[in-house]
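The block underneath contains the structure these notes are about, expressed in structure tokens.
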Amino acid sequence: MDEGIHEECGVAVVYIPENGDASNRAVFYLYKLLLNLQHRGQLAAGITTYNRKRLQMLSTYKNIGSVNEVFKTSKRLRSLELFRRCAGNKGIGHVRYATFGKDERAYAQPFERVHGRLWKWFAF
Numbered sequence: 024m025d026e027g028i029h030e031e032c033g034v035a036v037v038y039i040p041e042n043g044d045a046s047n048r049a050v051f052y053l054y055k056l057l058l059n060l061q062h063r064g065q066l067a068a069g070i071t072t073y074n075r076k077r078l079q080m081l082s083t084y085k086n087i088g089s090v091n092e093v094f095k096t097s098k099r100l101r102s103l104e105l106f107r108r109c110a111g112n113k114g115i116g117h118v119r120y121a122t123f124g125k126d127e128r129a130y131a132q133p134f135e136r137v138h139g140r141l142w143k144w145f146a147f
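To convert, take the position in the sequence shown, counting from 1, and add 23; that gives our numbering.
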């Protein structure tokens, strides 16, 4: 009955106090953490960041591919624009190892639940 441990997916979390110089850099740290977790899944990667100063407090970005492919690091200007757009002081990240579902963007995580009331809006 001993099937052993199966390695699946990778999850990262970042919290930076708002009073520091790096308070909007959660996306940078999430990117670095996901690079270190890349061995846990290379099918898809994604992040959700929180910034209470944005009109849309949660910002989710995810896609199919390795972490560097998803965050477009080979195209520096596009990557910097993505980091700027997703700036925040809190965030979660995910790299996907497919255990079910298709190889489609819809299965990439984190999942975001949008709601008209901001206090009911969340990502997981």
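All residues carry an ideal CB built from backbone N, CA and C; glycine is no exception. Bear in mind the structure is a predicted one, so any value in this text is a computation, not a measurement.
Worksheet entry | With 16 other Cβ atoms within 10 Å as the buried cut-off, status of Pro133 | The residue in question, Pro133, is buried, as its Cβ has 16 or more Cβ neighbours within 10 Å.
Discussion item. Here's the rule: buried if 16 or more other CB atoms are within 10 angstroms of the residue's CB, otherwise exposed. What is Phe94?
Written reply: Its Cβ being crowded by 16 or more others within 10 Å, Phe94 is buried.
Worksheet item: Among the residues of its own chain, which have a CB less than 8 Å from the CB of Ser102, if the five just before and after it don't count?
Response: Correct list, in chain order: Phe94, Lys95 and Thr96.
Discussion item. On the DSSP letters alone, give me the boundaries of the alpha helix (DSSP H) that Tyr73 sits inside.
Written reply: Careful: Tyr73 lies outside any alpha helix (DSSP H), inside the beta strand (DSSP E) at Ala67 to Tyr73.
Worksheet item: Mapping DSSP to helix, strand and coil, what is Arg101?
Response: DSSP places Arg101 in helix when its eight states are reduced to three.
Worksheet item: By DSSP, does Tyr120 sit in helix, in strand, or in coil?
Response: Tyr120 falls in the coil class under three-state DSSP.
Worksheet entry | Cβ pair Leu53, Ile70 closer than 8 Å | Result yes, Cβ atoms of Leu53 and Ile70 sit closer than 8 Å.
Item to complete: Please report the Cβ distance between Ala35 and Leu66, rounded to the nearest whole angstrom; I am assuming they are in contact, meaning their Cβ atoms lie under 8 Å.
Response: Taking the Cβ atoms as the reference, Ala35 lies roughly 16 Å from Leu66, outside the contact range of under 8 Å.
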